[in-house]
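In this note's numbering, the protein residues as written are 28 to 560. Note sheet for the following structure.
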């Protein structure tokens, strides 16, 4: 097995700001607009629901990560509970969930820039022009090249950018509320999607997409000297801080709108310069100078998020190399402790996402669904480890895990349901193709026995994925389903289904002996190089 040599230079503030920096990116520039158009004033509740959902996931991963403080930890976890088949499929899903984020942030930069540098975005379909494509490739290359620095400098750059990223949204809230205050907007419900819209906005408006940035601290867990203290501080602290900022921002956005902007309802909300919503709204209320600053921030915020996601994606690629999901060369790092092969593949695959894709909103819906799907496994892993290795060292032990973990798993199912059938078709179609390719490669190229494939521990994935798609298909018409299940009943069905799958997954998990072997194997993959004072 390949070993990596990573520098232990990430402190609690560096990790906290890595997560916060990932959470305040293109989401803060666009999500308030999209959430308002879907849910109207109910968008504030969408953020609250999203924050609670993500906090549940964050609590689960705080325990697991401190048990396995490895960079790219998410790619290791699935092996510990269910072995090779589940581990490899999850490793690929994680990589695609991560590698797509930096390109989305680049497109956000160019979308805002198109307001003062026209010609980057096609006004008819919203995709990159040839000129926009060239600039997108250049920006992504810059993110990757900056990540060639040692992790200490990577986090210092991100921390400096994050101070800016925290200050600008807070000041935006103050400026919007001080210059334009229309409390009557909170009672306008015309054109929103009601209760269904509140939940749909969680998954499709960029809310979950933004808040799931807490995972950055998890992905760099192997690069901190005191994970037992630093990981929970960074993970939980980032969710609380970012959620408060986003809720305040949504409130100020709704109240700052002119009632005339809502003449045709929330779904048809429109004002001049809406493709750069917060900057345009600032100019509309009279803060032209602040609008200019926000156009500058539209480079810094998504740019810094794309930068730190490039860091995290390379660590996921490295972890996949350690677990033989990717070629072993991906597990190697250079003398600076940088996984160069991971950064190169991050760039090459990222460029693919610059080809004509749907709008920012639809693309973040796809990313949110695949990310939440991978995060749902955390509850299964936590409960499996509690059962098979109850005496293992747990620097952070989640209180009432037997209640919180199942709730987190149910919530992850609900979020996937809220993305809608169209997103589900894309997601599960991609998973089917991925599985077929993996099976072909395993049997034709690997020549391994069926037992080694991991069928016994991984067969539950088939009813899990099939059941999720059926929940979408029979779900509410507002979410693309055929309406057989009303919204409330779809939640009940999703909860029951989740508990059944959770029981099956735990029943088919690895034995105590096999789990301990994987834990020891993972523990031996990384050695300390340097501890920061």
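No residue lacks a Cβ here, since even glycine has one placed at the ideal position from N, Cα and C. All of these numbers come straight from a predicted model, not from anything done at the bench.
Looking at the DSSP output, residue 234 bridges to nothing.
Around the beta carbon of residue 544, a 10 Å sphere encloses fewer than 16 other beta carbons of the protein chains shown; the residue is thus reported as exposed.
Closest by C-alpha distance to residue 139, out of 507, 261, 525, 304, is 304. Straight across, the Cα-Cα distance linking residue 322 with residue 398 is about 29 Å. Remark: C-beta atoms of residue 495 and residue 400 approach each other more closely than 9 Å. Pairing residue 107 with residue 428 gives a Cβ-Cβ distance that is not under 9 Å. The C-beta separation of residue 212 from residue 282 comes to about 6 Å, placing the pair in contact by the 8 Å criterion. Just so you know, the alpha carbons of residue 85 and residue 408 end up roughly 14 Å apart.
The three-state reading of DSSP puts residue 148 in strand, counting E and B together.
It is roughly 14 Å from the alpha-carbon of residue 71 to the alpha-carbon of residue 200. For residue 433, the enclosing alpha helix (DSSP H) begins and ends at 428-446. Here residue 540 is exposed: its Cβ has fewer than 16 other Cβ atoms, across all protein chains shown, within 10 Å. Secondary structure at residue 296: coil, using DSSP grouped into helix, strand and coil.
Counting along the chain, residue 52 sits inside no alpha helix (DSSP H), nor does DSSP assign it H or E at all. DSSP, reduced to helix, strand and coil, places residue 425 outside both helices and strands of the structure shown, so it counts as coil. Beta-bridge partners of residue 155 (DSSP): 148. Taking the CA atoms as reference points, residue 301 sits about 47 Å from residue 486. Proximity to residue 272 across 105, 115, 415, 74 peaks at 74, based on C-alpha coordinates.
In terms of Cα proximity to residue 446, the closest of 356, 292, 234 is 234. Just so you know, the alpha carbons of residue 45 and residue 193 end up roughly 12 Å apart. Taking C-beta atoms as the reference points, residue 510 and residue 130 fail to come closer than 9 Å.
Taking all protein chains shown into account, residue 208 has fewer than 16 neighbouring C-beta atoms within 10 Å of its C-beta and is therefore exposed.
The three-state secondary structure of residue 288, taken from DSSP, is helix. Exclusion of the five residues before and after residue 41 leaves 182, 186 as the residues of its chain whose Cβ lies within less than 7 Å of its Cβ. Within its own chain, the residues whose Cβ lies closer than 6 Å to the Cβ of residue 392, once the five positions on either side in sequence are excluded, are 231, 446, 450, listed in chain order.
CA-CA distance, residue 426 to residue 434, rounds to 13 Å.
Per DSSP, reduced to three states, the secondary structure at residue 416 is coil, with no helix or strand assignment.
Look at residue 45 here: in three-state DSSP terms it is helix. Residue 137 holds the alpha-carbon nearest to the alpha-carbon of residue 324 among 137, 454, 358. Residue 489 counts as exposed, since fewer than 16 other beta carbons sit within 10 angstroms of its beta carbon.
By the criterion of a C-beta distance shorter than 7 Å, residue 413 is surrounded in its chain by 428, once the five residues flanking it on both sides are discounted.
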